[in-house]
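Last residue of the sequence shown: 391 (the numbering used here), numbering continuous.
Ideal placement from N, C-alpha and C gives every residue a C-beta, glycine not left out.
On a predicted model such as this, the values are computed, not experimentally measured, just so you know.
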Amino acid sequence: MVAHKPRNSTLPGGVPRLSRTAVYKKRALYKRAKVQVAAKKEETAATKTKQVHGEKNGSTREVPLQKQPRFYPTVDNKKPLNNRRTPKPTKLRSSISPGSVVILLAGVHRGKRVVVLKQLPSGLLLVSGPYKINGVPLRRVDQAYVIATSTKIDLPALPEIGDAIFKR
């Protein structure tokens, strides 16, 4: 196994490649909990003195109270950092609402005008051409990939459509 390259190598002239702030960001130290320094406890003896028999054995020995483990893991398993983020529903852009006509910016149908039917629970927009008019089927699109126009259309009541029907 190859030894890992240091994150902050030194450039010619003894200057570190990354600043202290950059290393702090890279190591994601801001995500880790700040460790509180505990009050120092009185140190208890880790060894005890034992009598040893025999003339030439020195009469006493320092013996550890707890034996060292016989097995050491070859690789330290890193504990993953805690992720305290809770998913929040995506906000719909104010210029987009069900019935809005939007222009698609990416994908096979880029440049085509489509009608927004609703926002799905995943945060994506459900859009349709309609298929008979311009060939755009029911599709999910991220709102970042559309331009809203001021045109609005009155929509009839829609059947229940969710993200599940788009699963392969």
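Cutoff 6 Å; reference residue i; Cβ partners in own chain excluding five residues on either side
i      : result
Arg316 : Gln366
Ile326 : Arg336, Ile370
Leu304 : Lys254
Residue-chain proximity (residue i, chain D), Cβ-Cβ < 9 Å
i      : result
Arg391 : Looking for chain D here will not work: only one protein chain is present.
Residue i (DSSP reduced to helix, strand or coil)
i      : result
Val260 : coil
Lys290 : coil
Val364 : strand
Ile356 : helix
Alpha-carbon to alpha-carbon, residue j and residue i
i      : j      : result
Leu241 : Arg284 : 51 Å
Thr233 : Leu349 : 51 Å
Lys302 : Glu383 : 42 Å
Ile319 : Val246 : 41 Å
Lys311 : Glu265 : 48 Å
Segment limits, beta strand (DSSP E) that includes residue i
i      : result
Ile370 : 369-375
Thr297 : First-last for Thr297: undefined, no H or E at that position.
Pair within 9 Å by beta-carbon distance, residue i and residue j
i      : j      : result
Thr313 : Ser345 : yes
Leu288 : Thr270 : yes
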